[in-house]
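Engineer: Pasting a structure below so you can have a look.
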Amino acid sequence: MVNLLLNVVSRILFSTADTVWHTLTLTYIFTWDTTLVLLNTISFPKRKGKLIAPGKLGHGGNWPEWHPPVEGDSRSPCPALNAMANHGILPRDGKNIPFTVLNRKIRETYNFSPTFCLYVPLYMARLLGRSYTYGTLDLNDIAVHNGIEHDASLFRHDTFLSPGGDQGKPCPDLVDGFFDCVHGDKVTVDDLARYSEIRRTDSRRKNGQFTLSTFHKLFASSNCATLIRIMGGSISDLKVWLYEERLPPNYESSTRAPWGLTMGSFQTTVLRIEAAIRAKESMDSTIGDLGGRYGLPKSELGPGGEVQREAQMGETAPLLPGKKPQTNGE
Ligand code: HEM
């Protein structure tokens, strides 16, 4: 009986201490982030070619050689981290990566603020029940479903729909679908919002185990925001990054702020994207067919993979340039 009581009391104490400690850590990170937002506002952005100091990896666009992963390597649903492993910035096998190293390398490669670089690996460590300070992860660990990884991603099929649940490889059909949605000569926030809407509706329709909480929607839009703020909108650069998980030639982050891309700053992009995604997610919506060729039978694609037929029209038609609004069934 005494043992049982001691056990209960110690568990309550540990979990309370953990919650208090975590709350203090988050308060510290968010206060620090706000300070960096202010510092970035009053500092001059770094000039092109000056972001990475001489002697550091990537200075002058010199990144270690790219190799695709080989059998047995660990890869994640995140193109940013996979590209780092493919270049040997992270261990090429993607295994046993200390959270603290992940923090430092993301900062050095993509010019994220130290606050983001601490927050995300810390979040991942807690999710996996590991110590941030001493723990390690394999890239594949990041694929834990409904941790950060969620349904209706832009560049990976849902875990439930992927062969073997594999989230570690690029899905060229989804990347094709994304670029089909880009109508200008640069990727824009509107393109990302439009494709997110398409992916959400399509997944909801096809995935019998579909889930997407508000929290995961915000994570999804955060990924979109990082894509455009860190990689920029260049279509050719993004093609290299998304299809091959490789850094574009002479890559240097599009964020030139001396304190890196802060969480406070990219939230403005997150909210713009999330606000532009319309909430309509009916089961019979045809929106999933509108974004591109993925999911279409080969008979409906031309020799170059282009869509041959008129896309079906739904209430989503105003999203597509040049298409008149029309309701289903008309
Ligand atoms: C420790 C750091 C990071 C972790 C743990 C992480 C984790 C993840 C996870 C779990 C996903 C899959 C989300 C989904 O299901 O759609 C993801 C996707 C993504 N991440 Fe990361 N990531 C990290 C760093 C970064 C960085 C530095 C960037 C930008 C340079 C980035 C950009 C993206 C993008 C664009 C996607 C694709 C989203 C999609 O397919 O919809 N991530 N990341």
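Be aware that the sequence shown starts at 617, since it is given in the working numbering, and climbs by one per residue.
Quick reminder that beta carbons are idealized off the backbone N, C-alpha and C, glycines included.
Keep in mind the model is a prediction, meaning the values are calculated, not measured.
(1) Could you work out which residue in K822, G751, G677 and V636 is closest to H703 when comparing CA atoms only?
(2) According to DSSP, is T842 part of a helix, a strand, or is it coil?
(3) Please confirm whether A741 and Y750 have their CB atoms less than 7 Å apart.
(4) So K721 is in the alpha helix (DSSP H); what residue range does that whole segment cover?
(5) Quick one: using the 10 Å Cβ neighbour count with 16 as the cut-off for buried, is Q825 buried or exposed?
(6) Count the CB pairs spanning the stretch 657 to 676 and the stretch 835 to 854 that are closer than 8 Å, and state whether there are at least three.
(7) On the DSSP bridge assignment, give the partners of K802 in chain order.
(8) Should D634 go down as buried or exposed, given a rule of 16 or more other Cβ atoms within 10 Å for buried?
(9) Do the CB positions of V791 and L858 come within less than 7 Å of each other?
(10) For a test of your reading of the model: does the CB of V864 fall under 6 Å from any non-hydrogen atom of the ligand HEM? Yes or no.
(11) Flag C797 as yes when its Cβ comes closer than 6 Å to any non-hydrogen atom of the ligand HEM, and as no otherwise.
(12) By the DSSP assignment, the alpha helix (DSSP H) with D789 in it spans what residues?
(13) Within 6 Å: the Cβ of A696 and any heavy atom of the ligand HEM?
(14) Answer with yes or no whether the minimum CB distance from M740 to chain D is below 7 Å.
(15) Under three-state DSSP, which class holds E765?
(16) Given that a residue counts as buried once 16 or more other Cβ atoms are within 10 Å of its Cβ, and exposed if not, what is F794?
(17) Does DSSP put L753 in a helix, a strand or coil?
(18) How would you call F831, buried or exposed, if buried means at least 16 neighbouring beta carbons within 10 angstroms?
(19) Does at least one heavy atom of the ligand HEM sit under 6 Å from the Cβ of F771?
(20) With contact counted as at least three CB pairs below 8 Å, one residue from each stretch, are the stretch 759 to 776 and the stretch 725 to 734 in contact?
(21) Cβ of H766 versus every heavy atom of the ligand HEM: is any distance shorter than 6 Å?
(22) Sort A696, D757 and D649 by Cα distance to S882 and report the nearest one.
(23) Applying the criterion that 16 or more other CB atoms from any shown protein chain within 10 Å of the CB defines a buried residue, is F630 buried or exposed?
(24) Taking C-beta to C-beta, are A768 and S850 nearer than 7 Å?
(25) Specify the secondary structure class of L887 as computed by DSSP and reduced to three states.
(26) If you draw a straight line from the alpha carbon of G781 to that of P693, how long is it in whole angstroms?
(27) Over what stretch of residues does the alpha helix (DSSP H) that includes V624 continue unbroken?
(28) Any heavy atom of the ligand HEM closer than 6 Å to the beta-carbon of L755?
(29) Which first and last residues belong to the alpha helix (DSSP H) in which N702 is found?
(30) Nearest CA to the CA of R862: which residue from V803, P680, L654 and L887?
(31) Helix, strand or coil for L734? Go by DSSP, reduced to three states.
(32) On the criterion of 16 or more Cβ atoms from any shown chain inside 10 Å, does K672 qualify as buried, or is it exposed?
(33) Hey, how far is the Cα of D689 from the Cα of G710?
(34) Classify K833 as buried or exposed, calling it buried when 16 or more other Cβ atoms lie within 10 Å of its own Cβ.
Structural biologist: Well, looking at it:
(1) Stepping through the sequence shown from its first residue, residue 703 is reached at position 87. Ranking K822, G751, G677 and V636 by Cα distance to H703 puts G677 first.
(2) To locate residue 842, count along the sequence shown from 1; it is residue 226. Of the three classes helix, strand and coil, the one that applies to T842 here is helix, per DSSP.
(3) As a first step, residue 741 must be located in the sequence shown, where it is residue number 125. As a first step, residue 750 must be located in the sequence shown, where it is residue number 134. Taking 7 Å as the Cβ cut-off, A741 and Y750 do not qualify as a contacting pair.
(4) If you number the sequence shown from 1, residue 721 lands on position 105. DSSP places K721 inside the alpha helix (DSSP H), whose first and last residues are F715 to Y726.
(5) Reading the sequence shown from its first residue, position 209 is the one you call residue 825. That one is exposed.
(6) no
(7) One-based indexing of the sequence shown puts residue 802 at position 186. S850, per the DSSP bridge assignment.
(8) By one-based count along the sequence shown, residue 634 stands at place 18. Exposed: under 16 other Cβ atoms inside 10 Å.
(9) Here residue 791 corresponds to residue number 175 of the sequence shown, with the count starting at 1. Here residue 858 corresponds to residue number 242 of the sequence shown, with the count starting at 1. Yes.
(10) Translated into the one-based positions of the sequence shown, residue 864 becomes position 248. Checking the displayed sequence, the identity of residue 864 turns out to be Pro instead of Val. No; taking the cut-off as 6 Å, the Cβ of P864 has no heavy atom of the ligand HEM nearer than that.
(11) Here residue 797 refers to the residue found at position 181 when the sequence shown is read from its first residue. No, Cβ of C797 sits at least 6 Å from all heavy atoms of the ligand HEM.
(12) Against the sequence shown, residue 789 aligns to sequence position 173. Segment P788 to D796, the alpha helix (DSSP H) holding D789.
(13) The sequence position of residue 696 within the sequence shown is 80, counting from 1. The answer is yes for A696.
(14) Judged by its chain identifiers, the structure shown contains no chain D, having just a single protein chain.
(15) Numbered from 1 along the sequence shown, position 149 holds the residue referred to as residue 765. Correct three-state label for E765: strand.
(16) Translated into positions along the sequence shown, residue 794 becomes position 178. Label assigned to F794: buried.
(17) Working through the sequence shown from its first residue, we reach residue 753 at position 137. Secondary structure at L753: strand, using DSSP grouped into helix, strand and coil.
(18) Reading the sequence shown from its first residue, position 215 is the one you call residue 831. By the neighbour-count rule (16 or more Cβ atoms within 10 Å), F831 is not buried but exposed.
(19) The residue given as residue 771 occupies position 155 in the sequence shown. Answer for F771: yes, Cβ within range of the ligand HEM.
(20) no
(21) As a working mapping, residue 766 is identified with position 150 in the sequence shown. Yes, since a heavy atom of the ligand HEM falls inside the 6 Å radius drawn around the Cβ of H766.
(22) Against the sequence shown, residue 882 aligns to sequence position 266. Note that residue 882 is Phe in the sequence shown here, rather than Ser. Comparing Cα positions, the closest option is D649.
(23) In the sequence shown, residue 630 corresponds to position 14, counting from 1. With fewer than 16 Cβ atoms within 10 Å of its Cβ, F630 is classed as exposed.
(24) Against the sequence shown, residue 768 aligns to sequence position 152. Against the sequence shown, residue 850 aligns to sequence position 234. Cβ distance not < 7 Å, so A768 and S850 don't count as in contact.
(25) As a working note, residue 887 is residue 271 in the sequence shown. Secondary structure at L887: helix, using DSSP grouped into helix, strand and coil.
(26) Position 165 of the sequence shown, counted from the start, is the residue given in the question as residue 781. Position 77 of the sequence shown, counted from the start, is the residue given in the question as residue 693. Annotation: G781 to P693 spans about 11 Å, alpha carbon to alpha carbon.
(27) The residue given as residue 624 occupies position 8 in the sequence shown. First-last of the alpha helix (DSSP H) with V624: V618 to I658.
(28) By one-based count along the sequence shown, residue 755 stands at place 139. Flag unset: Cβ of L755 not near the ligand HEM.
(29) Numbered from 1 along the sequence shown, position 86 holds the residue referred to as residue 702. P695 to N702 is the span of the alpha helix (DSSP H), which, as asked, contains N702.
(30) Residue mapping note: residue 862 aligns to position 246 of the sequence shown, counting from 1. The residue among V803, P680, L654 and L887 with its C-alpha nearest the C-alpha of R862 is P680.
(31) Position 118 of the sequence shown holds residue 734. Reduced to three states, the DSSP call for L734 is helix.
(32) Taking the first residue of the sequence shown as position 1, residue 672 is located at position 56. Its Cβ having fewer than 16 others within 10 Å, K672 is exposed.
(33) On the sequence shown, residue 689 is found 73 positions in, with the first residue counted as 1. On the sequence shown, residue 710 is found 94 positions in, with the first residue counted as 1. Pairing D689 with G710, the inter-Cα distance amounts to about 6 Å.
(34) Taking the sequence shown and counting its residues from 1, the one referred to as residue 833 is at position 217. K833 is buried by the Cβ-count criterion.
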